[in-house]
Amino acid sequence: MDMQVSLLDRLFDSGLLIETGVDGLYGRSGQFEDVIAAFERMIDRFGGADGAEAIRFPPGMAMSYFEKSGYMKSFPQLAGTVHSFCGNDHDHMGLLSCMEEGKDWTKEQKATNIALTPAACYPLYPTVAKRGPIAMTGGLYDLQSYCFRHEPSREPTRQQMFRMREYVCMGTEHHVTEFRQKWMDRGVQMMEELGLKVEIDIANDPFFGRAGRLLANNQRDQNLKFELLIPVNSNANPTACMSFNYHQDAFGTKWGLNLEDGSVAHTACVGFGLERIALALFAHHGLDVKVWPDAVRTALWG
Ligand code: ATP
Ligand code: ZN
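Position in the sequence shown (from 1) plus 131 gives the number in the numbering used here.
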């Protein structure tokens, strides 16, 4: 644990991360951002020729889509919703005096129709469903978004607002499982170029509660989620820097994603945790990018 705190402190001292007063909510320096930008270009180098359709959603999504996604059923502890003041002049006076007196002024805040995006791919499924049937050759999408998860931590790789770059594939079972395997191979190759030690392991999502344990076991039994792990601040507990998820036809059924022959689309997504990958690079090669190994610098900056 001490080691973790000290990595965070070193990141603050170097200015790479900037404290905001909230655990897991950090500013990033130009240098930190440059590493992420370079890594994203590396992703393009590996995946660009696949011809994915690039779409960028804002870090908030429609509440109606969020509700339908089932996120509150599975991960209520991680969700964030946007609330706002919706009152009149009288309510405003009440709000101001409440704040003045140091009382809880947030009770009167009302839910807006925006939820914070929990994973980059969440807004995509309803968007694609609205377009109509997916070609038999499948659909491939390139996404990036800030995501929110309410999991405050002093462990620098567990942030509350962080970016996920994702590729999402929709098509037949064969098509999307090939896609997932291709990215597992590419992920390993990319991290090797970056001089990072990796391991791929079976994983599960952090489903809430007792019932959640069953869902997690089921996900593991069926090999639905894999993670690419890199030791960042602990060798015993390496950090998930990429995940490879096969949803079978669950999202296809939920959102009405159909292929041109009328069958329900299978879907899979691969996600890069951009802050985690940058942190893995800093933890392994040092906080000064100028002294990183030449091969790593070349992989990132050419
Ligand atoms: P974990 O098991 O570490 O909580 P997860 O399984 O919930 O992660 P995914 O939902 O698969 O993560 O998210 C995709 C990727 O986003 C992860 O592989 C990781 O790299 C990154 N990520 C997830 N949660 C965080 C976080 N709190 N801070 C930074 N990056 C994260
Ligand atoms: Zn996804």
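All C-beta atoms, glycine included, are put in the ideal place defined by N, C-alpha and C.
- Taking a cut-off of 8 Å for Cβ pairs, the stretch 248-258 and the stretch 213-231 do not touch, as fewer than three such pairs fall below it.
- Taking every protein chain shown into account, the CB of His305 has fewer than 16 other CB atoms within 10 angstroms, so this residue is exposed.
- A Cβ-Cβ contact shorter than 8 Å links Leu412 with Leu325.
- When C-beta atoms of the stretch 288-297 are compared with those of the stretch 388-397, fewer than three pairs fall below 8 Å, so the two segments do not count as touching.
- Environment of ligand 2, chain-ordered: Ala250, Ala251, Cys252, Glu297, Val299, Asn376, Cys400 and Gly402, taking every residue with Cβ within less than 7 Å of a heavy atom.
- Annotation: Lys199 is outside any beta strand (DSSP E); the continuous alpha helix (DSSP H) that includes it extends over Met194 to Ser200.
- Nearest Cα to Ser145 within the set Ala367, Asp154 and Gly158: Gly158.
- Two segments are said to touch when three or more pairs of C-beta atoms, one from each, lie closer than 8 Å; by this definition the stretch 202-213 touches the stretch 277-285.
- By the beta-carbon neighbour count (other beta carbons within 10 angstroms, threshold 16), Gly191 is buried.
- Counting along the chain, the unbroken beta strand (DSSP E) around His214 starts and ends at Thr212 to Ser215.
- Collapsing the DSSP output to three states places Met267 in coil.
- For a cut-off of 8 Å, the C-beta gap from Leu360 to Ala371 is around 6 Å, short enough to register as a contact.
- In the DSSP assignment, Phe413 falls within the alpha helix (DSSP H) that extends over Leu405 to His416.
- Beta bridge pairing from DSSP links His397 with Gly302.
- Arg285: not part of any alpha helix (DSSP H); DSSP gives it neither H nor E.
- Ser374 is bridged by DSSP to Glu358 and Gly402.
- Looking at Lys241, Met230 and Asp235, the one whose alpha-carbon comes closest to that of Ser215 is Lys241.
- Looking at the DSSP output, Tyr277 sits in a beta bridge with Arg294.
- In the three-state reduction of the DSSP assignment, Leu156 falls in the strand class, which pools E and B.
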